[in-house]
Amino acid sequence: MADGRIALTAHLLRRAGFGATREELEEAAARDYEAVVEDLLHPERFPEVDEDVMGRYFGWDITTLGAAPWLYRMANTRRPLQEKMALFWHHVFATAYSKSEHPVTLNRQIDTFRRVGMSDLPTILLELSRDPAMIFWLDNNENHRGEPNENYGRELLELFSMGVGNYTEQDLKMAARAFTGWTFTQPIPLYPHGHYQSSFVYDPEAHDDSEKSFLGETGRLTGEDIIDIIARQPATPRFIARHLYNFFVADEPQVPAWSVEPPRDPDAIDAMTAAYFESGFEMRSVLRVLFNSDSFKNARHRKVKSPAELVTGILKLVGTHRFPQPGFEAYAEATKMMGQELLNPPTVEGWHTGKEWIDGGTLNERVNFAVNEVAPDKPGVQSFIAGLTSGKTSLPPDEMVERSLDLAGPVAVGKETRAGLTRFAETSGGLSFATEEESSLSTAKAARMLQLVVASREYQLA
Amino acid sequence: MPRPHGLLRAGFPYLKTIGMRRVTNTPVDVAIDGDEVVYVLGRAGEITKLSMEDDILGVIAGGGSDEGKFTWPVSIALDRDENLVVSDEALNRITTLTKDGEVVRTWGDPGSAEGQLDRPAGVAPDAEGHVYVADTMNHRIQKFTADGEYILGWGRHGSAEGELDMPWGLAVGDEGSVYAADWRNDRVQKFTPEGDFVFALGAGGSGEGQFRRPAGVTTDSDGDIYVADTGNNRVQQFSEERRYVDRFIGDATLSKSAREYMLSNAKPNRLREMAVLEPQKRLRNPRSVKLDAKGRMFIPDYMSFRVQVYQKEVIPLGPSGIIPPLRSPTLQVT
């Protein structure tokens, strides 16, 4: 199989999912690229994560806020794009535990993203507007006729759909009024018997049913009307497409700068915008254009991995936690230490991504985490070592470097990293499995080589 | 003990709730001794001793992997010496504790060979002092001496009669039969003490007599079979002949500890006044069911951090109190 196919497929599975084992990668690379994309776009073709097993072993644990089970899903799902889109919408519609301390509604919100994340945008925005976790996060439960609270209306336009500069302050006020009365049922409180769900409820008494003008349309507009109007605006797909580009293709500036800095790839944004309107606002169609575009295919290693991507990718590489085991909370803790506490983003803007994931502290966390996970007794590391030699009894230093970089990703490295890896390979004298003693020594050397690869600067890039 | 000729099933009313969040967190199983002490096993490893009046009598064990601690405990039962036998599916270990938490013995080796364990779940001591263990990931049931010496085992992965798919709860009937909650096959199977298949009960679904991932099973002196139908959030009751009798979906009231807590917390009291309270009565993921000698049924209500208790009311009948079994149903009542 051509190396290019492997590298391209690995790129797709890293971006549209959470990486792949070498076996999964080779199987996917043997198929047409477009067919692999279609499978990603149609999660219903594959079974869901075994929720019965998750429930049996992980149970329901408030201390993890659902972040650990979610990471487990990311690492084990056979519907990777569905899960990746749930993470994407969590980045965009960032809702945090810190305010509500109500994990069951937050988990429900992620379930909603999982369920409708690739459907049409009006459906997604409608579900979002009816989501109790979001309603509480942006105070729409306090949005009453005559006493509007504009938080949700503001963020719906500014951060969730159109972006600054595409509407007026008056539009914003009208949007807020249209969502008056959109609230949720009071859940039974935590004590003495645990959390209970809440659900959306429309309170007609609190709704402002008067005439409103919004983006040039006038009438007794409701929240549904506002969403329909938003979905038809040219600014909307351009804004969502830029989010998608930033999440899936290459790092963009942070969102507040988008009103002044143009997108780095306007053609990609145009193509996604066209697909949006042609398909009737459908995200699946937009994603199809995205993943099949040259701009995507050529964007390898141009994004900094998010902590969730790094952690799940390493888990795939080392081949552990394919079934629930105690201690998985440590992986949620690891992403938190790297700056991404799932279900608890820092603000409504979500996480600042790209190079902002990296500082002295978080880089240390990333490298230490990756290196510590690579241990010779782990199944994925053993497969890596077996794959290095492919049945041969020895491997010279230069091949040791090439094969390691290939099997760990493939990872494309610069001169400096390659020189460091080569130095190690030459100093260690390559690998030999001719005798038991040599075999033991070479196993340790191969694992060390893999540790050096995952500790590299380039491994931090998706 | 011989069964009565028949039963007048007078009722099975809800009796009370004991425990609450922070007192009995994520309860996975219970055991009740002759002094009416209820041992509530929490998933985090602690065993809380409660009186029937909901007083805390002590907490033993706890989370961890040291001897006497638990990482992922599943099942608790009293053996004939009135010690507590506890399984831990993370440590592949069976621990026997005194009621005060002193370790009597521990045993269990991970693996799939005879006598080894891979995620042990249900434990059920018999009257001779042996212990049956549901060896979940080996899809079998094994019988050991109290010290952990292997005696016999049966079962393999599958869904045919006698085969198992990730078995969970276990019970030994008063005549020595073994009942297994065949979790992933959505059924309960009954075996002889030697492991011969007797019958299967139930199928996947949410109707009467159907199960959604049943976790717990027990029997009582009337021969009735009780199944913690975890995924359907209920317990179902069957007669010894597998006839569906009743179901329990939860009727909880606030326990004594819960009332005391709420009386000093003004905000949640207001929130409860704004909420629909009906769901709070219901069972959420009950993972086990046990009956004591007085016919009280204890259901660890896993997601609601409490134990719901019901009282079985039956009157034994002699031959003059109930006519012989009929071959067919009838509309004629006299």
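Respectively, the protein sequence lines represent chains A and B. Going by our numbering, the first sequence opens with residue 30, and the numbers climb by one from there. Going by our numbering, the second sequence opens with residue 84, and the numbers climb by one from there. The beta-carbon is built from N, C-alpha and C at its ideal position, and this holds for glycine as well. Fair warning: this is a prediction, and the values are worked out from it, not measured in the lab.
Restricting to Cα atoms, I'd like to know which of the options is closest to residue i.
i, options, result
"Ala448 (chain A)", "A:Leu154, A:Leu481, A:Thr418 and A:Phe243", "A:Leu481"
"Phe320 (chain A)", "A:Ile298, A:Pro439 and A:Thr341", "A:Ile298"
"Asn178 (chain A)", "A:Asp160, A:Ser190 and A:Met203", "A:Met203"
"Asn275 (chain A)", "A:Ala491, A:Glu52 and A:Glu55", "A:Ala491"
"Ser387 (chain B)", "B:Leu98, B:Gly102, B:Gly128 and B:Asp312", "B:Gly102"
"Pro399 (chain B)", "B:Val281, B:Arg86 and B:Leu90", "B:Leu90"
"Gly256 (chain B)", "B:Ser304, B:Ser242 and B:Ser170", "B:Ser304"
"Pro351 (chain B)", "A:Thr391, A:His224 and A:Val145", "A:His224"
"His240 (chain B)", "B:Arg365, B:Met249, B:Lys152 and B:Glu232", "B:Met249"
"Leu33 (chain A)", "A:Tyr62, A:Glu53 and A:Pro295", "Looking at the sequence shown, residue 33 (chain A) is not Leu but Gly. Nearest C-alpha to Gly33 (chain A): A:Tyr62."
What would DSSP say about residue i, mapped onto helix, strand or coil?
i, result
"Ile91 (chain A)", "Here Ile91 (chain A) scores only 46 on pLDDT, less than 50, and its place in the model is too uncertain to base an answer on."
"Lys350 (chain B)", "helix"
"Ile332 (chain B)", "coil"
"Tyr231 (chain A)", "strand"
"Ser471 (chain A)", "helix"
"Ala93 (chain B)", "strand"
"Ala36 (chain A)", "helix"
"Thr418 (chain A)", "helix"
"Phe189 (chain A)", "coil"
"Thr391 (chain A)", "helix"
"Gln319 (chain B)", "strand"
"Ala162 (chain A)", "helix"
"Ile308 (chain B)", "strand"
"Ala217 (chain B)", "strand"
"Ala491 (chain A)", "coil"
"Glu311 (chain A)", "strand"
"Thr47 (chain A)", "According to the sequence shown, residue 47 (chain A) is Phe rather than Thr. Phe47 (chain A) falls in the coil class under three-state DSSP."
"Thr341 (chain A)", "helix"
Output the boundary residues of the beta strand (DSSP E) element that contains residue i.
i, result
"Ile217 (chain A)", "Looking at the DSSP string, Ile217 (chain A) is not in any beta strand (DSSP E), and its letter there is neither H nor E."
"Asp209 (chain B)", "Careful: Asp209 (chain B) lies outside any beta strand (DSSP E) and carries neither H nor E."
"Ile159 (chain B)", "Pro156 to Leu161"
"Thr131 (chain B)", "Glu129 to Leu133"
"Glu246 (chain A)", "Glu246 to Gly248"
"Asp138 (chain B)", "That residue, Asp138 (chain B), is in no beta strand (DSSP E); it is neither H nor E in DSSP."
Taking 8 Å as the threshold (C-beta atoms), are residue j and residue i in contact?
i, j, result
"Ser495 (chain A)", "Pro216 (chain A)", "Shown here, chain A extends from 30 to 491; a query on residue 495 (chain A) therefore has no answer."
"Glu150 (chain B)", "Thr189 (chain B)", "yes"
"Phe213 (chain A)", "Asn172 (chain A)", "no"
"Asn195 (chain A)", "Ala264 (chain A)", "yes"
"Val310 (chain B)", "Ala264 (chain B)", "yes"
"Arg13 (chain A)", "Glu281 (chain A)", "Residue 13 (chain A) lies beyond the stretch modelled for chain A, which goes from 30 to 491, so this question has no answer here."
"Asn105 (chain A)", "Val65 (chain A)", "no"
"Ile256 (chain A)", "Leu154 (chain A)", "yes"
"Val111 (chain B)", "Thr131 (chain B)", "no"
"Val300 (chain B)", "Pro276 (chain B)", "no"
"Leu98 (chain B)", "Val120 (chain B)", "no"
"Val284 (chain A)", "Leu150 (chain A)", "no"
"Ala298 (chain B)", "Trp251 (chain B)", "yes"
"Ser461 (chain A)", "Glu467 (chain A)", "yes"
Starting from the C-beta of residue i, find all residues in its chain whose C-beta is less than 7 Å away, skip the five residues before and the five after it, and write them out in chain order.
i, result
"Ser148 (chain B)", "Thr154 and Leu174"
"Gln369 (chain A)", "Ser335, Pro336, Ala337 and Trp380"
"Arg270 (chain B)", "Ala283, Leu284, Gly285, Ala286 and Phe294"
"Val400 (chain A)", "Gln480, Val483 and Ala484"
"Ile139 (chain A)", "Trp99, Ala115 and His119"
Could you name the residues of the same chain whose beta carbon sits closer than 8 Å to that of residue i, not counting the 5 residues immediately before and after it, in chain order?
i, result
"Val82 (chain A)", "Phe352 and Pro353"
"Asp201 (chain B)", "Asn175, Pro193, Gly194, Ser195, Asp218, Thr219, Met220 and Asn221"
"Glu198 (chain A)", "none"
"Asp4 (chain A)", "The requested residue 4 (chain A) is not part of the displayed model; chain A covers only 30 to 491."
Ignore the nearest five residues each way along the sequence and tell me which others in residue i's own chain have a CB closer than 6 Å to its CB.
i, result
"Val216 (chain B)", "Pro203, Val206 and Gln225"
"Thr92 (chain A)", "In this predicted model, Thr92 (chain A) has a pLDDT of only 47, less than 50, meaning its place in the structure is not dependable enough to derive any value."
"Asp168 (chain A)", "Asn178 and Asn180"
"Val169 (chain B)", "Pro156, Ile159 and Thr178"
"Asp200 (chain A)", "Phe243 and Leu244"
"Ala376 (chain B)", "none"
Following the continuous alpha helix (DSSP H) through residue i, name the residue where it begins and the one where it ends.
i, result
"Ser457 (chain A)", "Lys444 to Ser457"
"Asp200 (chain A)", "Glu198 to Ala207"
"Arg270 (chain B)", "No alpha helix (DSSP H) holds Arg270 (chain B); the beta strand (DSSP E) holding it covers Arg270 to Phe274."
"Pro285 (chain A)", "From DSSP, Pro285 (chain A) is part of no alpha helix (DSSP H); its letter is neither H nor E."
"Arg137 (chain A)", "Pro132 to Val145"
"Glu362 (chain A)", "Glu358 to Met366"
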